[in-house]
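**Student:** Got a structure for you, written out below as structure tokens; questions coming shortly.
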């Protein structure tokens, strides 16, 4: 089953981090890895093998594409497609619902007061 | 870039050759570039990055090889063809066992049919039932010789050429009921533990109504059936093995086209 079919289900941390990193703008491989490492990018440490394996599957599923822009023969840039944007938005909504529940249960501080 | 970093990159470039060819062709260059970028990233501590790189290399290597195998061998047409061939070979193997088994089993009745018919005819033409089965001493547990047993109309033994553990066994009453209605029955009869007999039971009419049972041990026939079963089993496993090897080879030969189409 492709990742694009899982719009209702949770994404793997690597897929989520890559899609989230590309939601901001087109990025090359290392920029995605770097963004994924940040807390706001998902806090995922991934190496080149995991990154390009994930990108390969995301491209096959039509969520990401190569932008065609390159500042170096080896440095390819990737872009989020509309379908990929929908998938990452659905995942964020799912997480937001879980966070709301966490707040309601007192597991997290109330975001409005912070 | 330092000489140390260049050495690491060369080593990584060699290691990348272990990835599946299609993946390597698509991403080896960008992966080397990502490594180069990481090595020049001052925010990243080297030991932490090398540990990550090592872990990432092995996990993604395994993952990509599995993905390649899945893409190569989980193609519906390949799986469907293999399953159809496996189904055909299973039916053929079953036929290879069932047909000779039936021939052997029905052939095991041949002399008994003649013996039972003759004995029944003799009794109906006036021979005393107790004399229709000439005295014999066939040990049903050991002998392969055919034998005749005569029963009265109630299914009680009247005369017998064979004994089992010193007594004359009788088939279940249901067999006699069936023969009373249909005239004849051919059954595999187990008069005792480990003793199986190919029995033909005929109805006897006339002045001395009753039944004639002609039987013969199935021991040798069942040995032959076991041989046929073993041969059919070996043939089946052999064909399944060939289908597996053929499917793997076909999947491998056609893998590039499939991967290229998927990308």
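Protein chains in written order, with the numbering used here: chain L, 1 to 114; chain F, 115 to 377.
C-beta atoms are modelled at their ideal positions from N, C-alpha and C, and glycine is treated no differently.
Going along the chain, which residues of the region 167 to 185 of chain F sit with their C-beta nearer than 9 Å to a C-beta in chain L?
**Tutor:** 167, 168, 169, 170, 171, 172, 173, 174, 175, 177, 178, 181
**Student:** What's the gap between the Cα of residue 126 of chain F and the Cα of residue 162 of chain F?
**Tutor:** 16 Å
**Student:** Closer than 8 Å by C-beta to residue 130 of chain F: which residues in its own chain qualify, once you throw out the five before and the five after it? Chain order, please.
**Tutor:** 138, 142, 145, 146
**Student:** With DSSP as the reference, label residue 28 of chain L as helix, strand or coil.
**Tutor:** In this structure, residue 28 of chain L counts as strand in the three-state DSSP scheme.
**Student:** Beta-carbon separation of residue 166 of chain F and residue 47 of chain L under 8 Å?
**Tutor:** yes
**Student:** With DSSP run on the structure shown, which of helix, strand or coil describes residue 44 of chain L?
**Tutor:** coil
**Student:** Using 10 angstroms around the beta-carbon of residue 54 of chain L, count the other beta-carbons present and answer buried if the total reaches 16, otherwise exposed.
**Tutor:** buried
**Student:** Which value, in whole angstroms, describes the spacing of the CA atoms of residue 188 of chain F and residue 49 of chain L?
**Tutor:** Answer to the nearest angstrom: the Cα atoms are 23 Å apart.
**Student:** For residue 362 of chain F and residue 196 of chain F, what's the separation of their Cα atoms in angstroms?
**Tutor:** 10 Å
**Student:** Can you tell which of F:332, F:217, F:322, F:223 has its C-alpha closest to the C-alpha of residue 255 of chain F?
**Tutor:** Taking the Cα of residue 255 of chain F as reference, the smallest distance to any Cα among F:332, F:217, F:322, F:223 is reached at F:332.
**Student:** Please return the same chain residues whose Cβ sits closer than 7 Å to the Cβ of residue 203 of chain F, not counting the five positions on each side in sequence.
**Tutor:** 350, 353, 354, 357
**Student:** Which one of F:158, F:247, F:209, F:192 has the shortest CA to CA distance from residue 369 of chain F?
**Tutor:** Closest option to residue 369 of chain F, Cα to Cα, is F:192.
**Student:** Quick check on residue 184 of chain F: buried or exposed, where buried means 16 or more other Cβ atoms within 10 Å of its Cβ?
**Tutor:** exposed
**Student:** Under 8 Å between C-beta atoms, does residue 108 of chain L make it to chain F?
**Tutor:** no
**Student:** Kindly indicate which three-state DSSP category residue 216 of chain F falls into: helix, strand or coil?
**Tutor:** helix
**Student:** Check each residue of the region 116 to 132 of chain F: if its Cβ is closer than 7 Å to any Cβ of chain L, include it; give the result in chain order.
**Tutor:** none
**Student:** Compare the C-beta of residue 149 of chain F against all C-beta atoms of chain L and say whether one is closer than 8 Å.
**Tutor:** yes
**Student:** Comparing alpha-carbon positions, which option in L:10, L:63, L:70 lies nearest residue 83 of chain L?
**Tutor:** Nearest C-alpha to residue 83 of chain L: L:63.
**Student:** Could you work out which residues of chain L lie near residue 164 of chain F, taking near to mean beta carbons separated by less than 7 Å?
**Tutor:** By Cβ distance, chain L contributes nothing, its closest Cβ being about 10 Å from residue 164 of chain F, past 7 Å.
**Student:** So which of L:22, L:52, L:10, L:69 has the shortest CA-CA distance to residue 173 of chain F?
**Tutor:** L:52
**Student:** Flag this pair as yes or no: are the beta carbons of residue 22 of chain L and residue 91 of chain L separated by less than 8 Å?
**Tutor:** no
**Student:** What residue does the beta strand (DSSP E) around residue 299 of chain F start on, and which one ends it?
**Tutor:** 298 to 306
**Student:** If contacts are defined as beta-carbon pairs under 8 Å, then residue 309 of chain F and residue 276 of chain F qualify, I think. What distance do you get, rounded to the angstrom?
**Tutor:** Not really, about 11 Å apart at Cβ, beyond 8 Å.
**Student:** Does any C-beta atom of chain L lie closer than 8 Å to the C-beta of residue 134 of chain F?
**Tutor:** no
**Student:** Taking beta-carbon pairs under 8 Å, can you tell me which members of the region 32 to 50 of chain L lie near chain F?
**Tutor:** 33, 34, 45, 46, 47, 48, 49, 50
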